[in-house]
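Numbering (my numbering), first residue to last: 147 to 459.
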């Protein structure tokens, strides 16, 4: 696996991203000595309860800038990670270097082995919801609570035989094909697909900044991981994870947006099947698309930090 290192030179110029870059070195593959760097920011008091923000695609931890500031100001230790291949994390060069299982393991190693976080709260959105819920299933005793936004957790029972003919289908199949065929992937150009309010030039510059002069391979790889085929290996792995999630009884809240273009009903199985979701103040906020952090930053930040304070302070 060949790796490119990202430069934070362009990021330093972002006025709304005043954070110090930190890195966790994790094995490229389990049990190997070669490592890659997972970038994260770590704000607020070190003795505060850790709150870990996991982003989706297209994006990097820049998307959490307002929530990180607010959570840190409220006394929490606010940590936002860049997935491998995105933001300022190291970038494997080939699209097939990226799998859901590898993303889960890279995050697990960074958060649990290197940072050794315990009694943490996850705040998850988009792919961050899938990866974060997998981490909950791996080590539920480390997790004090979960907030999920605009995400889902699809599964397939592996005991049910696959069909004889398997083709990509569903609403994301065309997007998947487009991503595979695009020679130069520019994830910031996808922002209008996941917002309802056109992003400003400054916001677009924020999403573009980590990729100055280098390919956004990690972002381009994510569409291929979407479960458009029943033989997607993520689905039976999620099926096994659901067995743990269906016993998870710590606070689990969903804060979605009414105009979400990607996963508008993803909250339903989470609320219905996870014991910790019972009696939680679930919300569907008006005015936001899939990237509700950009469309309704004040309302979303208030909802997330308000839940953190009322539940964990």
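Glycine is no exception: its CB is placed at the ideal position from the N, C-alpha and C atoms.
(message) So, at 7 Å on beta carbons, what are the nonlocal neighbours of residue 211 in its own chain, with the 5 sequence-adjacent residues on each side left out?
(response) Position 65 of the chain shown holds residue 211. Closer than 7 Å at the Cβ level, and outside the excluded window around residue 211, lie 162 and 163.
(message) So residue 450 and residue 401 are supposed to be a Cβ contact under 8 Å. How far apart are they, rounded?
(response) Your numbering for residue 450 matches position 304 in the chain shown. Your numbering for residue 401 matches position 255 in the chain shown. The Cβ separation is near 6 Å, so the contact holds.
(request) Rank 368, 288, 418 and 272 by C-alpha distance to the C-alpha of residue 331 and give the top, closest one. (result) Locating residue 331 in the chain shown gives position 185, counting from the first residue. From the listed residues 368, 288, 418 and 272, the smallest Cα separation to residue 331 is found for 368.
(request) To the nearest angstrom, report how far apart residue 377 and residue 230 are at their CA atoms. (result) Your numbering for residue 377 matches position 231 in the chain shown. Your numbering for residue 230 matches position 84 in the chain shown. Looking at the two C-alpha atoms, the distance is approximately 24 Å.
(message) My output table needs one value for residue 291: the three-state DSSP class, helix, strand or coil.
(response) Translated into the one-based positions of the chain shown, residue 291 becomes position 145. Strand at residue 291.
(message) Does the contact criterion of 3 or more C-beta pairs under 8 Å hold for the segment 294-304 versus the segment 157-176?
(response) no
(message) Could you compute how far the alpha carbon of residue 404 sits from the alpha carbon of residue 273?
(response) Residue numbering aside, residue 404 sits at position 258 when the chain shown is read from its first letter. Residue numbering aside, residue 273 sits at position 127 when the chain shown is read from its first letter. Each residue's Cα considered, the two are about 19 Å apart.
(request) Compute the distance between the beta-carbons of residue 423 and residue 385, then report whether it is under 8 Å. (result) The count along the chain shown starts at 1 and reaches residue 423 at position 277. The count along the chain shown starts at 1 and reaches residue 385 at position 239. Taking 8 Å as the Cβ cut-off, residue 423 and residue 385 do not qualify as a contacting pair.
(message) Here's the rule: buried if 16 or more other CB atoms are within 10 angstroms of the residue's CB, otherwise exposed. What is residue 228?
(response) Residue 228 sits at position 82 when you count from the first residue of the chain shown. Residue 228 comes out buried.
(message) Here's the rule: buried if 16 or more other CB atoms are within 10 angstroms of the residue's CB, otherwise exposed. What is residue 312?
(response) Locating residue 312 in the chain shown gives position 166, where the first residue counts as 1. The residue is exposed, with fewer than 16 neighbouring Cβ atoms inside 10 Å.
(request) Indicate the three-state DSSP secondary structure (helix, strand or coil) for residue 444 in the structure shown. (result) Along the chain shown, read from residue 1 onward, the residue named residue 444 stands at position 298. DSSP, reduced to helix, strand and coil, places residue 444 within a helical segment of the structure shown.
(message) Using the three-state DSSP reduction, which class does residue 185 fall into: helix, strand or coil?
(response) Along the chain shown, one-based indexing puts residue 185 at 39. Of the three classes helix, strand and coil, the one that applies to residue 185 here is strand, per DSSP.
(message) Helix, strand or coil for residue 226? Go by DSSP, reduced to three states.
(response) By 1-based counting over the chain shown, the position of residue 226 is 80. In the structure shown, residue 226 sits in a strand (DSSP, three-state: E or B).
(request) Return helix, strand or coil for residue 391, following the three-state DSSP convention. (result) Position 245 of the chain shown, counting from 1, holds the residue named residue 391. The answer is helix: DSSP assigns residue 391 an H, G or I state.
(message) Can you tell me whether residue 400 is helix, strand or coil according to DSSP?
(response) Along the chain shown, read from residue 1 onward, the residue named residue 400 stands at position 254. Correct three-state label for residue 400: strand.
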